[in-house]
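A short worksheet on the structure shown next.
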Amino acid sequence: MLYKHFHNAAWLDGDDVWRVNPFDVNDKRLRNSDLNMAFVVENYLKSGFEYVFFSSIVLCDKTIRERILDLIKYKEYELIFITLYANEDTLKQRAKERDNNNDPKFLLLNRSLAQESIFINTATNSLQETVKQIVEIVS
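Residues 27 to 165 in this note's numbering are what the sequence shown spells out, letter by letter.
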């Protein structure tokens, strides 16, 4: 886990605040979960954590990401936006291994690659290599 490589760090995985079925990023009801995410991240920041990691697939959608960030009134932080990506073949293989999903959909893949970000290609990286790259960027 990335956050364990940093002293005084907290991590919010967006999935922790919106486990719903069916999941559709365009479902208007999920915008309530944006409030939850902003609330948790802001509380981590206000609590004095030096590093706050926030991961969520919805951050690939610029409109949703900006809405969440706008909801955070505490502004004393530096934002580093990192996108992890791989080619579709690699992602399909990972989905099959992880979830036994033989037909995954990558609806946000192109959208996420078209935005301002620091990009890390994870196609040939081990988990440890990816963590090391992020640690170097953040430190």
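C-beta: ideal position from N, C-alpha, C; glycine also. No experiment lies behind these values; they were computed from the predicted model shown.
In the structure shown, Phe-65 adopts helical secondary structure according to DSSP, grouped into three states. Trp-37 has Phe-79 as its beta-bridge partners, per DSSP.
Under the DSSP assignment, Ile-144 falls in the beta strand (DSSP E) whose first and last residues are 144-147. Beyond the five residues adjoining it in sequence on each side, Phe-145 comes within less than 7 Å, by CB distance, of Thr-109, Tyr-111 in the same chain, given in chain order. The bridge partners DSSP lists for Ile-108 are Ile-144. With a threshold of 16 other beta carbon atoms within 10 Å, Gly-40 meets it and is buried. Contact between the stretch 67-79 and the stretch 117-126 is not established, with fewer than three Cβ pairs separated by less than 8 Å. Taking 8 Å as the cut-off, the beta carbon of Ile-94 is found no closer than this to the beta carbon of Val-164. About 6 Å separates the beta carbons of Phe-132 and Leu-117, which is inside the 8 Å limit, making them a contact pair.
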